[in-house]
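Beneath this line is the structure, given in C-alpha cells, with notes to follow.
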Amino acid sequence: MNSFHLKIVSPDGMFFDGEVMRVSLRTIVGDIAILAGHIPYVTAIGTGECRVFVDNTENSRRAACIGGFINVTKDLVLIAATTFEWAEEIDFDRANNAKTRAESEIASGSTDGHSLELAKIKLARANVRLKVIENNKQ
Amino acid sequence: MAESSMKDISSRIKSIKSTKQITKAMELVATSKLSKAKERIAKSRYFHSAVYAALTDIAKRNMDTDSVYALKREIKKSCFVIIGGDRGLAGGYNSNVFRYAKEQIGDKTVSILPIGKRTTEYCRRMGYEIVSDEFSNVEEQNVGSCHEMANLLTDCYLKREFDELYVVYTEFISVLNQRPEIMKLLPLDKNMKEDHITENKGLILFEPGMESVFNAIVPSYVAGMLWGAVCESTTSEFGARRTAMESATKNAEEMIDNLSLKYNRARQGSITQEITEIVAGSGL
Numbered sequence: 445m446n447s448f449h450l451k452i453v454s455p456d457g458m459f460f461d462g463e464v465m466r467v468s469l470r471t472i473v474g475d476i477a478i479l480a481g482h483i484p485y486v487t488a489i490g491t492g493e494c495r496v497f498v499d500n501t502e503n504s505r506r507a508a509c510i511g512g513f514i515n516v517t518k519d520l521v522l523i524a525a526t527t528f529e530w531a532e533e534i535d536f537d538r539a540n541n542a543k544t545r546a547e548s549e550i551a552s553g554s555t556d557g558h559s560l561e562l563a564k565i566k567l568a569r570a571n572v573r574l575k576v577i578e579n580n581k582q
Numbered sequence: 022m023a024e025s026s027m028k029d030i031s032s033r034i035k036s037i038k039s040t041k042q043i044t045k046a047m048e049l050v051a052t053s054k055l056s057k058a059k060e061r062i063a064k065s066r067y068f069h070s071a072v073y074a075a076l077t078d079i080a081k082r083n084m085d086t087d088s089v090y091a092l093k094r095e096i097k098k099s100c101f102v103i104i105g106g107d108r109g110l111a112g113g114y115n116s117n118v119f120r121y122a123k124e125q126i127g128d129k130t131v132s133i134l135p136i137g138k139r140t141t142e143y144c145r146r147m148g149y150e151i152v153s154d155e156f157s158n159v160e161e162q163n164v165g166s167c168h169e170m171a172n173l174l175t176d177c178y179l180k181r182e183f184d185e186l187y188v189v190y191t192e193f194i195s196v197l198n199q200r201p202e203i204m205k206l207l208p209l210d211k212n213m214k215e216d217h218i219t220e221n222k223g224l225i226l227f228e229p230g231m232e233s234v235f236n237a238i239v240p241s242y243v244a245g246m247l248w249g250a251v252c253e254s255t256t257s258e259f260g261a262r263r264t265a266m267e268s269a270t271k272n273a274e275e276m277i278d279n280l281s282l283k284y285n286r287a288r289q290g291s292i293t294q295e296i297t298e299i300v301a302g303s304g305l
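Below you can see the structure in the form of C-alpha cells.
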C-alpha cells in the first residue's frame, strides 16, 4: 500500500504531521477510512475515534476526535478538529466525571431542550474519550 | 530656601521610586505572560493557517456553490469583531487598533462584537451598535468561548442581520513590533487576503452535500480564525505593555538620577552656605 501525507491540527496545536498508510475516523455521516490516492473530499467530523495507521500492520494510534472537518486534496490530508486528544493524553478521571455529571443531568429530567441537548453532547464526548482509552488498552 | 527644595526633591524621588516599582512589576508580569502567550500563539498558528488555506481553497474551487456562506450579498450591514485589551498602559496598543478599525469601518453601517474591556468602552463611546458584550474580557477567552462567539455570529449571519464579517486584531510580529490587521471571515470569497491555492483543477466531493458540510464546518472555521486572532492580539498586548513598561522604568531611573544630582547639589549648597555663615560669624 502507498502512503500519503497526513496533517492533524486543532486549536491546541499540531498533533501529527507525516506519512501514513491509512487513517480512519467518524464523520457526521458515518465512519470512513482514507487511503492514498483518495479523490478530493471534504466532510465534517462527528464525535468519534480517530485511528492513524503508520505502517501496514493493524497497529494504530488512537485518539478522540471531535468536530471540525477533514479536507482531502491531492497531496495532503488535513484533519482540522475542534478537539483532538491522543489516547494516552486523555484524562480518564475528568472524562469519567463528565460522564456521570451529564448522565445525572439527563436523568434528572429537569433540563429543558437546549441544555438537554448540551448534556447529551457532553455525554457523547465523554463516552468517546472513555472508549478510546478502553480500546487503547487492548 | 535650600532646606525646602531639598525636601521637595527627596519627596519627588520617593514618589518616582514607588512608580518605578510599579512599572517594574508590570514589566515582569507582562514578560511572564508574554512567554506563555507566545507558546499559545505557536500552537494556534498551525490551526489558523491550515484551516484558512483549506477553506480558501475550497471556496475558490467551488464558487458556483449556492451555500449561503459563499454567496455574495448586497452589503447593507457589516459586522466587525474588534479585539483590543482589557487594560491600558500598553503604549499605543489600544489606540492603534481602534484607529485602524475606524479607518476600515469608514462609512459602513456596522455592528460590533467587542473583545476586551477597553474595546467595549470605546464602542460605547463611539456609539456603535454592539452585538454582545458577553465576550468583553479578552484574557478570559478560550477555545470554547470562541466557539460560542462563532455560533452566535454565524447564526446572525444566517438570519441576515449582517452581510459580511470582519475581524480586526493586532498581529504579533515581535516584542517590539505589532501591527493591526483585518481579516474577512464571511462570506467566503475569491478576494481573500492570501493566495494559497496550489492547483485549480478537479471538483471536490462533499459528503453528505456541500450545503450541510458548509453549515457544519463554517462555524468551526470562524471559531478557529477568531481564536487565532485572540491569541495574536493578547500576545501583542503583552508585548506592547512590556515595551511600554520597560521604557517607563528606564525613564523613572533617569529622573531619579537627575533628581539625585539636584538633591546632592542642593545639599552641598546648603552645607557650603552654613559653613560660610559660621565662618563669617566667628570672624566678627
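For the record, the sequence lines run as chains A and B.
Adding 444 to a residue's 1-based position in the first sequence gives its number in the numbering used here.
Adding 21 to a residue's 1-based position in the second sequence gives its number in the numbering used here.
Glycine is no exception: its CB is placed at the ideal position from the N, C-alpha and C atoms.
Shown here, A/T517 sits in coil according to DSSP, grouped into three states, outside any helix or strand. By the criterion of a C-beta distance shorter than 6 angstroms, B/R262 is surrounded in its chain by A51 and A111, once the five residues flanking it on both sides are discounted. For B/A51, the nearest beta carbon of chain A is not closer than 8 angstroms to its own beta carbon.
The three-state reading of DSSP puts A/L469 in strand, counting E and B together. For B/Q289, there is no enclosing beta strand (DSSP E); the enclosing alpha helix (DSSP H) has its first and last residue at M231 to S303. For B/F156, there is no enclosing beta strand (DSSP E), as DSSP marks it with neither H nor E. In this structure, the CA atom of B/L173 is about 18 angstroms from the CA atom of A/G557. Close partners of A/S454 in chain B (Cβ separation under 8 angstroms): F68. Residue environment: B/D107 is assigned as buried (16 or more neighbouring CB atoms within 10 Å of its CB, all protein chains considered). Beta-bridge analysis with DSSP links B/E185 to B/S99. Segment contact: the region 153-162 of chain B against the region 231-244 of chain B, fewer than three CB-CB distances shorter than 8 angstroms; contact not assigned. Among the CB atoms of chain B, one or more fall inside 8 angstroms of the CB of A/I483. Under a 10 Å Cβ-count criterion, B/T140 is classified as buried, with 16 or more other Cβ atoms of the shown protein chains found around its own Cβ. Cβ atoms of A/A531 and A/I478 stay farther apart than 8 angstroms, at about 20 angstroms. By the C-beta criterion, the region 62-76 of chain B is judged to be in contact with the region 242-256 of chain B, since at least 3 inter-stretch pairs fall below 8 angstroms. Cβ-Cβ distances below 7 angstroms link B/F101 to A122, I126, V131, I133, Y187 and V189 in the same chain, with the five nearest sequence neighbours on each side left out; the list follows chain order. A residue is called buried when at least 16 other Cβ atoms come within 10 angstroms of its Cβ; A/E529 meets this threshold and is buried. Per DSSP, reduced to three states, the secondary structure at B/Q125 is helical. Secondary structure note for A/H449: its beta strand (DSSP E) is the uninterrupted segment F448 to S454. Linking B/G302 to B/R288 through their CA atoms gives a straight-line distance of about 21 angstroms. In the three-state reduction of the DSSP assignment, A/V572 falls in the helix class, which pools H, G and I.
Our two residues, A/N515 and A/Y485, have alpha carbons roughly 6 angstroms apart in a direct line. At least 8 angstroms separates the beta-carbon of B/D154 from that of B/K98. A/D475 sits in a strand when the DSSP states are folded into three classes. Using a Cβ-Cβ distance cut-off of 8 angstroms, the region 41-59 of chain B and the region 252-271 of chain B are in contact, since at least three pairs of beta carbons, one from each stretch, lie closer than that value.
Scanning chain A for C-beta atoms nearer than 7 angstroms to the C-beta of B/K64 yields D456 and G457, reported in chain order.
For B/D176, the enclosing alpha helix (DSSP H) begins and ends at V164 to L179. Between B/I151 and B/V251, the beta carbon gap of about 18 angstroms keeps them out of contact (Cβ cut-off 8 angstroms). Chain-ordered, the chain A residues with CB closer than 7 angstroms to the CB of B/P229 read V473. For A/K451, the residues of chain B that pass the 7 angstroms Cβ criterion are A71, in the order they occur in the chain. From the beta-carbon of B/I79, the residues of chain A found nearer than 8 angstroms are V486 and N515. Around A/L522, the same chain offers K451 and N515 as residues with beta carbons nearer than 6 angstroms, after the five sequence neighbours per side are excluded. Listed along the chain, the chain A residues whose CB falls inside 7 angstroms of the CB of B/V234 are V486, T487 and A488. In the three-state DSSP reduction, A/E463 falls in the strand class (E or B). Cβ-Cβ distances below 6 angstroms link B/V196 to G260 in the same chain, with the five nearest sequence neighbours on each side left out; the list follows chain order. Residue environment analysis places A/Q582 among the exposed positions, since fewer than 16 neighbouring C-beta atoms fall within 10 angstroms of its C-beta.
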